[in-house]
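All letters in the sequence shown, in the order written, are residues 2 to 398 by the numbering used here.
Each remark here refers to the structure printed beneath this line.
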Amino acid sequence: MKMPVYEVGLELGIEWESADASHKDRYVFSEFDIEHADIPASLREDLTGLGPGDTLSQTYPPGELVAPYDTSNIRQIQKADFRTRFSVALHPGRFYPRKFIATALQGSQNDNRPFRLLSVDGDMLQIDLNHPLSLRPIDLTATVLAPLQSGGNAPAQQDMIAALCDSGPGLQANSPEITTEFITDSAFRRSDTQDDAEFYQQPRLVAHLDETALDQFKDLYTRFVKPGMKVLDLMSSWKSHLPEDVAPLHVTGLGMNVEEMRGNTQLNDYVVFDLNQSAELPFAPQQFDLAICTVSVEYLINPFNVFQQVARALKPGAAFVVSFSERWFPPKVVQVWTELHPFERMGLVLEYFRQAKAFSRLATESLRGLPRPPNDKYAQAMSYSDPLYAVWGYAKP
């Protein structure tokens, strides 16, 4: 007799630590077959019978939830076996898809699993094929969200742990042996070198992400705001994505377009300012209780100086929360951003915080897998909501 399919909305999340940061990566499954889903047996057993709102946690030692570390996965290959259809620069510490070295691995030309480049020595490359989380203990949390109203459509044998762990988590951390080479001579070049004031002169009063994603950004900021706070909305626009039910707040916007900020009902005041012309913020020291930067950090050409200035403007212990997704204006995005996996971009922003030397308690978070709203204009082409990536730190005293 065929067993019934139990379909619920389930969120799986992992928490782990790197040398100087805490990390949380979350993935939402709209539906799944609890009988056939590829998950640890202990997790399946504990999930059975849980209802909406229930949460459980399990801790896994290194190499149990993901493949264990294996020294044989540290390999030397010929540089000539790194093959792409377009020019790709090689930078130690960064990740690249295995399909680029399919010849050396005798593997698939469609294998997008990441490997880390450890070094370039003449005609040879040293690579690491281990899972980026293979050496780290992992705390796994499962949260039942809500039963689904429709049934029978769950993917059979869905590998939920692979969906959560194998497509990004771990890439935001440096290797224990080497520092990732993010910063190069071309890192902050842009395809459009015209004055930013001209580019941003025309107001863009449109949402760049879907509504579900924007709600998640708002939920993120809810954790940091408290009534009475003075908030700096860095690189502000026509919406600040702060929660409306936390009041009063005094929000100051700093951005490039006066019309956009004038229409932002959450701003109490604003300053038109080009951070790529001058990183020196026009604010007194220790003025703000919180700073946010939403889907804009990818346009900074002097990020280290900007992050230092944000720290100066924050009160000691105040948070600076940087959030982004996978969309941007191609003419103005910096080159290094386009070269990286989305999870590596969190690593890049972590490097901005490190280089500023003014923040502590660094952290990252990702959220993927939510369904795209059915009325979204891209719903027919894209099943999933735009993902959320966030990095934050707290101003040192």
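Don't be surprised by glycine CBs; every beta carbon is placed ideally from N, CA and C.
* How close, in whole Å, do the beta carbons of Phe-325 and Arg-355 come, if the pair is a contact with beta carbons under 8 Å? -> About 18 Å separates the two Cβ atoms, so there is no contact after all.
* Asked: How about Gly-94: is its C-beta nearer than 8 Å to some C-beta of chain D?
  -> The question asks about chain D, but that chain is absent: this structure has only one protein chain.
* To do: Starting from the Cα of Ile-184, find the closest Cα among Glu-340, Met-383, Phe-360, Arg-369 and give me that residue.
  => Glu-340
* Using alpha carbons as the reference points, say which of Val-29, Glu-18, Val-322, Ile-139 lies closest to Val-296. => Val-322
* Whole-number beta carbon distance between Asp-387 and Asp-211, since they are thought to touch under 8 Å -> 6 Å
* Asked: If you pair each beta-carbon of the segment 29–38 with each one of the segment 94–102, do three or more pairs fall below 8 Å?
  -> no
* To do: Determine the DSSP secondary structure at Ala-143, reduced to helix, strand or coil.
  => strand
* Asked: By DSSP, does Gln-150 sit in helix, in strand, or in coil?
  -> Legend: pLDDT at Gln-150 = 37, less than 50; position of this residue unreliable, no value from coordinates given.
* **Minimum C-alpha distance to Gln-309 - residue among Gln-267, Asp-82, Ala-359, Val-392** => Ala-359
* Proximity winner among Pro-283, Thr-266, Gln-267, relative to Val-273 (alpha-carbon distances) -> Pro-283
* Buried/exposed call for Gln-301, threshold 16 Cβ in 10 Å -> Reading off the sequence shown, one finds Leu at residue 301, where the question assumed Gln. So Leu-301 counts as buried.
* Asked: Using the rule of at least 16 other Cβ atoms within 10 Å of the residue's Cβ for burial, across every protein chain shown, is Ala-208 buried or exposed?
  -> exposed
* Simplified DSSP state of Ile-40, which is helix, strand or coil -> coil
* Contacting residues, own chain, Cβ-Cβ under 8 Å from Leu-268 (five flanking each side not counted) -> Asp-234, Ser-237, Ser-241, Val-252, Thr-253, Gly-254, Met-262
* To do: Check whether the segment 107–127 touches the segment 136–145, counting contact only when three or more Cβ pairs, one atom from each stretch, lie closer than 8 Å.
  => no
* Going by DSSP, what residues sit across from Ile-128 in a beta bridge? -> Arg-76, Leu-118
* Which whole-angstrom value describes the C-beta separation of Trp-17 and Leu-134, a residue pair presumed to lie in contact below a C-beta threshold of 8 Å? -> 6 Å
* **Buried versus exposed, by CB contacts within 10 Å (16 or more), Lys-378** => exposed
* Between which two residues does the beta strand (DSSP E) harbouring Phe-225 extend? -> First-last for Phe-225: undefined, no H or E at that position.
* To do: Would you mind giving the Cβ-Cβ distance between His-92 and Leu-118, rounded to the nearest angstrom? I have them listed as a contact below 8 Å.
  => 7 Å
* Can you tell me the Cα-Cα spacing of Ser-168 and Asp-246, whole angstroms? -> 35 Å
* Does DSSP classify Trp-12 as helix, strand or coil? -> Looking at the sequence shown, residue 12 is not Trp but Glu. Note: Glu-12 maps to strand in three-state DSSP.
* Would you tell me roughly how many angstroms separate the C-alpha atoms of Asp-220 and Arg-27, rounded to the nearest one? => 14 Å
* Is Val-298 closer than 8 Å to Ala-1 when the C-beta atoms are compared? -> A query on residue 1 cannot be resolved here, the shown segment of the chain reaching from 2 to 398 and no further.
* Report the option in Ala-20, Leu-172, Arg-86, Ile-15 whose CA atom is closest to the CA atom of Leu-349. => Leu-172
* Determine the direct distance from the alpha carbon of Gln-287 to that of Ser-384, and round the result to whole angstroms. => 43 Å
* DSSP on Tyr-390, reduced to helix/strand/coil? -> strand
* To do: Starting from the Cα of Ala-22, find the closest Cα among Lys-80, Ala-81, Arg-362, Val-89 and give me that residue.
  => Arg-362
* First through last residue of the beta strand (DSSP E) which encompasses Tyr-97 -> 96–98
* Along the chain, where does the beta strand (DSSP E) that runs through Asp-167 open and close? -> Looking at the DSSP string, Asp-167 is not in any beta strand (DSSP E), and its letter there is neither H nor E.
* Asked: Between Lys-25, Gly-318, Lys-227, Glu-327, which lies nearest to Pro-244 when the distance is taken from Cα to Cα?
  -> Lys-227
* Grab me the residues of Pro-317's own chain with a C-beta within less than 8 Å of its C-beta, minus the 5 sequence neighbours each way, in chain order. => Gln-287, Ala-396, Lys-397, Pro-398
* Straight-line Cα distance separating Leu-51 from Pro-331 -> 45 Å
* So Ala-292 and Leu-315 are in contact, right, with Cβ under 8 Å, and what is the actual spacing, rounded? -> 6 Å
* Start and end residues, beta strand (DSSP E) containing Arg-27 -> 22–30
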